[in-house]
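See structure below.
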Amino acid sequence: MQASSRLESVRKLLQRRGAPGAYIERFARELAEHREDLMRDLLREGMTPTQAETEADRRIGEPAELANEAFEKMRRASFVGRHRVFSLIVMPILLLPLSWFLLLGVAAWGAGMLSPTYRLTSINASSLAWIYIAVEICRNVVPALIGASLYLLARRKFCGRVWSFLPGLVAWLASSILFVHIYPVGLSGAMGRMVIGVAWHFDLVKTVLLVGILVLLEVMRKWTDGFSYWHCRREAGVMPANGS
Amino acid sequence: MASNRKDLSFMNGVPELLILRLLASREMYGYELVSEIARSTDNVIELGEGCVYPILHAMEKNKLLVCRRMEKDGRSRLYYRLNERGKSRLLEVTLNWQRITQAIGGVLGAKYAGIIQT
Chain A
0 MQASSRLESV RKLLQRRGAP GAYIERFARE LAEHREDLMR DLLREGMTPT
50 QAETEADRRI GEPAELANEA FEKMRRASFV GRHRVFSLIV MPILLLPLSW
100 FLLLGVAAWG AGMLSPTYRL TSINASSLAW IYIAVEICRN VVPALIGASL
150 YLLARRKFCG RVWSFLPGLV AWLASSILFV HIYPVGLSGA MGRMVIGVAW
200 HFDLVKTVLL VGILVLLEVM RKWTDGFSYW HCRREAGVMP ANGS
Chain B
0 MASNRKDLSF MNGVPELLIL RLLASREMYG YELVSEIARS TDNVIELGEG
50 CVYPILHAME KNKLLVCRRM EKDGRSRLYY RLNERGKSRL LEVTLNWQRI
100 TQAIGGVLGA KYAGIIQT
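Take a look at the structure:
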């Protein structure tokens, strides 16, 4: 199968817009097969190979138009793609306090704090440690998890590169404004109290974790796209089995 | 007759309707679909040949179609087939289309018949 440079352009344009690699390869393969069928029919009609190639490319369409059509059609086929502002900007803001509420609720339940017989003075060290861990997870890990899961969702739903990173940024901003904190044992008056509030603060651990996980996902995506490209071309017979 | 590809406002929903209708009769691959649409409409409707795939993929994503790679005459191709949801969708868009064409036909046929003739 001989892929034309126009098909390569479609592939590159879709890659640039951040379409999933598996989809790009599928679309490119179908276009290549279509072109082959069309060329065969045009040659049968009496065209020269050059004329047939030109006509086939004209009828299949311009690479930019094809890439745009494919990307937009696939994006609009999902709820997330149709409602990007809600799914990727509003959702992280809603998910953050909801996740904190759930996580702290589970931790409180695990520590026996939801029991009717619970008294602040009766909490033991290990239960308190669980609450501290849950608070640290809320502060540092939850924003990264929200950013990462919405990044993956946005990628799968054809929202593009910028939209995929946006939930991470929103989760970082929201978690830099909202805070959850436990006052350390021994601080008079506020001993053992957990406070959820609104105040601007910068947290290095959270920032590094969030940026790190998003960069890692992007690198992994590039790697899997590269593998999928190599695999599909090998399957289609464009590339020798050793991949050279 | 010239192609209607540029009459985009008239083409909204038409590719989906035609694809659903053709796939209701049998399983087809992309090139076969495009050729069949051109043939059965006497080349009045010619879909952008490359653009049929995004439509098929979106319909597949919306669970109206299923596809499978199959080898026929020594060539491997991706064949598309309508599922139950696709059949219901076909019924829905066909009824919509008939309603709209009847309404437009009524307007063109009665009220403006004189204008068209002159």
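If you're matching them up, the sequences are chains A and B in order.
Just so you know, numbering that gives the first Met the number 0 puts 14 at position 15 of the first sequence, and the rest follows in order with no gaps.
Just so you know, numbering that gives the first Met the number 0 puts 29 at position 30 of the second sequence, and the rest follows in order with no gaps.
For every residue, glycine included, the Cβ atom is placed at its ideal position computed from N, Cα and C.
In this text, all values refer to a predicted model and were calculated from it rather than measured experimentally.
Nearest-angstrom beta carbon gap, residue 107 of chain B and residue 64 of chain B [assumed within contact, 8 Å] | The beta carbons of residue 64 of chain B and residue 107 of chain B sit about 34 Å from each other, so the pair does not count as a contact at 8 Å.
Using the C-alpha atoms, what's the distance from residue 58 of chain A back to residue 89 of chain B?
-> The alpha-carbon atoms of residue 89 of chain B and residue 58 of chain A are separated by roughly 27 Å.
Contact list for the stretch 40-59 of chain B against chain A, Cβ threshold 7 Å = Cβ contacts with chain A come from 47, 48, 49, 50, 52, 53, 54, 56 and 57.
Comparing alpha-carbon positions, which option in A:37, A:94, A:156 and A:193 lies nearest residue 130 of chain A?
-> In this structure, A:193 is the residue among A:37, A:94, A:156 and A:193 with its C-alpha nearest to the C-alpha of residue 130 of chain A.
For a contact meaning CB atoms closer than 7 Å, what does residue 30 of chain B contact in chain A?
-> In chain order: 33, 36 and 37.
Please list the residues of the stretch 58-73 of chain B that have a C-beta atom closer than 7 Å to any C-beta atom in chain A, keeping them in chain order.
-> Residues 60 and 61.
Report yes or no: is there a C-beta of chain A within less than 7 Å of the C-beta of residue 76 of chain B?
-> Taking a beta-carbon distance threshold of 7 Å, residue 76 of chain B counts as an interface residue toward chain A.
Chain B contact for residue 244 of chain A (CB, 7 Å cutoff) | Absent from the structure is residue 244 of chain A, since the part of chain A shown begins at 0 and ends at 243.
Flag residue 100 of chain A as yes if its beta-carbon sits less than 7 Å from any beta-carbon of chain B, otherwise no.
-> Not an interface residue.
Minimum length 4: unbroken alpha helix (DSSP H) runs contained in the stretch 17-45 of chain B | Those alpha helix (DSSP H) runs which fall completely within the stretch 17-45 of chain B and span 4+ residues are 29-39.
CB contact below 7 Å: residue 226 of chain A versus chain B | At least 7 Å separates the CB of residue 226 of chain A from every CB of chain B.
Cβ-based burial, residue 159 of chain A [other Cβ within 10 Å; buried from 16] = With 16 or more Cβ atoms within 10 Å of its Cβ, residue 159 of chain A is classed as buried.
Nearest-angstrom Cα separation, counted from residue 152 of chain A out to residue 92 of chain A | Approximately 16 Å, taken between the alpha carbons.
Hey, residue 208 of chain A and residue 139 of chain A: beta-carbon distance below 7 Å or not?
-> Less than 7 Å divides the Cβ of residue 208 of chain A from the Cβ of residue 139 of chain A.
In whole angstroms, what separates the C-alpha of residue 25 of chain A from that of residue 168 of chain A?
-> One C-alpha to the other measures close to 32 Å.
How many Å lie between residue 0 of chain B and residue 43 of chain B at the Cα?
-> Legend: pLDDT at residue 0 of chain B = 41, less than 50; position of this residue unreliable, value from coordinates given subsequently. Here the alpha carbons of residue 43 of chain B and residue 0 of chain B stand approximately 6 Å from one another.
When the cut-off is 7 Å and only beta carbons count, does residue 106 of chain A lie next to chain B?
-> For residue 106 of chain A, no CB of chain B lies under 7 Å from its own CB, so it is not counted at the interface with that chain.
Give the straight-line distance between the Cα atoms of residue 104 of chain A and residue 80 of chain A, rounded to the nearest whole angstrom.
-> Each residue's alpha carbon lies about 32 Å from the other.
Indicate whether residue 13 of chain A and residue 66 of chain A have their beta-carbon atoms separated by less than 7 Å.
-> Contact annotation: residue 13 of chain A and residue 66 of chain A have beta-carbon atoms nearer than 7 Å.
Which two residues bound the contiguous alpha helix (DSSP H) that contains residue 168 of chain A?
-> For residue 168 of chain A, the uninterrupted alpha helix (DSSP H) run begins and ends at 160-176, by DSSP.
Is residue 146 of chain A closer than 7 Å to residue 166 of chain A when the C-beta atoms are compared?
-> Yes, the pair counts as a contact, with Cβ atoms nearer than the cut-off.
6 Å CB neighbourhood of residue 195 of chain A in its chain, flanking five on each side removed | Taking C-beta separations shorter than 6 Å and ignoring five residues to either side along the sequence, the partners of residue 195 of chain A in its chain run 179, following chain order.
Leaving out five residues before and five after residue 56 of chain A in sequence, what residues of the same chain have Cβ atoms less than 6 Å from its Cβ?
-> For residue 56 of chain A, where only same-chain residues beyond five positions count, the Cβ hits under 6 Å are 5.
Residue span of the beta strand (DSSP E) that contains residue 195 of chain A, given as start and end | Boundaries of the beta strand (DSSP E) around residue 195 of chain A: 193-197.
Could you confirm whether any beta carbon from chain B is found closer than 7 Å to the beta carbon of residue 58 of chain A?
-> Yes, residue 58 of chain A counts as interfacial toward chain B.
Could you check the C-alpha separation between residue 133 of chain A and residue 17 of chain A for me, to the nearest Å?
-> C-alpha separation (whole angstroms): 35 Å.
Would you mind giving the Cβ-Cβ distance between residue 19 of chain B and residue 77 of chain B, rounded to the nearest angstrom? I have them listed as a contact below 8 Å.
-> Under the criterion of beta carbons closer than 8 Å, residue 19 of chain B and residue 77 of chain B do not qualify as touching, at roughly 17 Å.
Going straight from the alpha carbon of residue 71 of chain A to that of residue 157 of chain A, what length do you get?
-> The alpha-carbon atoms of residue 71 of chain A and residue 157 of chain A are separated by roughly 8 Å.
Give me the Cα-Cα distance between residue 33 of chain B and residue 27 of chain A, rounded to the nearest whole angstrom.
-> Their Cα atoms are separated by approximately 17 Å.
Rounded C-alpha distance that separates residue 119 of chain B from residue 84 of chain B | It is not possible to answer for residue 119 of chain B, since the shown part of chain B is limited to 0 through 117.
For residue 97 of chain B and residue 103 of chain B, the rounded distance between their alpha carbons | Answer to the nearest angstrom: the Cα atoms are 10 Å apart.
Among residues of its own chain, excluding the 5 on either side of residue 63 of chain A, which ones have a beta-carbon nearer than 7 Å to its beta-carbon?
-> Only residues of its own chain outside the window of five on either side were considered, and among them 12 have a CB closer than 7 Å to the CB of residue 63 of chain A, listed in chain order.
Closer than 6 Å by C-beta to residue 101 of chain B: which residues in its own chain qualify, once you throw out the five before and the five after it? Chain order, please.
-> There are no such residues.
Residue 91 of chain B beta carbon near the ligand FAD (any heavy atom closer than 6 Å) | The model depicted lacks the ligand FAD and carries no ligand whatsoever.
Roughly how many whole angstroms lie between the Cα atoms of residue 66 of chain B and residue 59 of chain B?
-> Rounded to whole angstroms, the gap between the alpha carbons of residue 66 of chain B and residue 59 of chain B is 8 Å.
Looking at the structure shown, is residue 35 of chain A part of a helix, part of a strand, or coil, going by DSSP?
-> Look at residue 35 of chain A here: in three-state DSSP terms it is helix.
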